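Below you'll find the structure, written out as structure tokens, and then a few comments.
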Amino acid sequence: MKIFLIGFMGSGKTHWGKLLADKLGLPFMDLDTVIVEKEGKSVAEIFSAEGEEYFRFREKDVLEEIVADTGHFILSCGGGTPCFFNNIEFMKRNGKVVWLNTAIDVLKERLLKERMTRPLIREIGDGELRLYIIRKLGERRMYYEQADVMINEESITLEKLIPLLLKEPSRDEIVDSRERDRDV
Ligand code: S3P
């Protein structure tokens, strides 16, 4: 079983991925962590020394290596992973893709506290962060929406999450999520 957790920065991929992996007895992996280990630099250092484009190439390569080398896993992806190259199709072909769809104000509160490790937002002021999230999520939604399963993060429990991972995808749930975010 290969499960890819996708979603915006701060959506809870690592938190839920670890809990899920523990419960299902699967290895947990974090794509950024594997990239950092291979490169010997933090994500912020890779962005500043080599640039975002280099990071995106490494992200794609490392994603493909993990899929080729590891039979079963829960993989927490970076917020941008599904939005570059053909990564989203690649993940869907190789396993189940789960989008943690987290409310904008929750993302903002989390990211206000965890901005420094994230090169895309470290320079953004407190007052501009919400608008940045709205804009970026607007650009990325079309990729996130291709997930096999969408989960609203605020209502997750492990008991709900596990059957969702095992069932067939439901497009309706994904389309419905637009309702919640319509007025932001
Ligand atoms: C990014 C998200 C980060 C990391 C990098 C770029 C993005 O991962 O991959 O800073 O483009 O949204 P998290 O989603 O784990 O913060």
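Our numbering puts the first residue of the sequence shown at 553, with every later residue one more than the last.
Just so you know, even glycine gets a beta-carbon here, dropped at the ideal spot from N, CA and C.
Predicted, not measured: the structure shown is a model, and the values here were computed from it.
Our two residues, E602 and L659, have alpha carbons roughly 27 Å apart in a direct line.
At a Cβ-Cβ threshold of 8 Å, L710 and L578 do not count as neighbours. Taking every protein chain shown into account, the CB of D613 has fewer than 16 other CB atoms within 10 angstroms, so this residue is exposed. For V586, the shortest separation between its Cβ and any heavy atom of the ligand S3P does not lie below 7 Å. Within the chosen limit of 7 Å, the ligand S3P reaches the beta carbon of L672 through at least one heavy atom. The beta carbons of I714 and V649 sit about 16 Å from each other, so the pair does not count as a contact at 8 Å.
Two segments are said to touch when three or more pairs of C-beta atoms, one from each, lie closer than 8 Å; by this definition the region 636-648 touches the region 694-701. Looking at the DSSP output, N638 bridges to nothing.
Going by beta carbons, L683 and W568 fall outside the 8 Å limit. Under the DSSP definition of a beta bridge, D582 partners with S628. Less than 8 Å separates the beta-carbon of L689 from that of F560. For I686, the enclosing alpha helix (DSSP H) stretches over residues D678 to Y696.
In the structure shown, the three-state DSSP call for F556 is strand.
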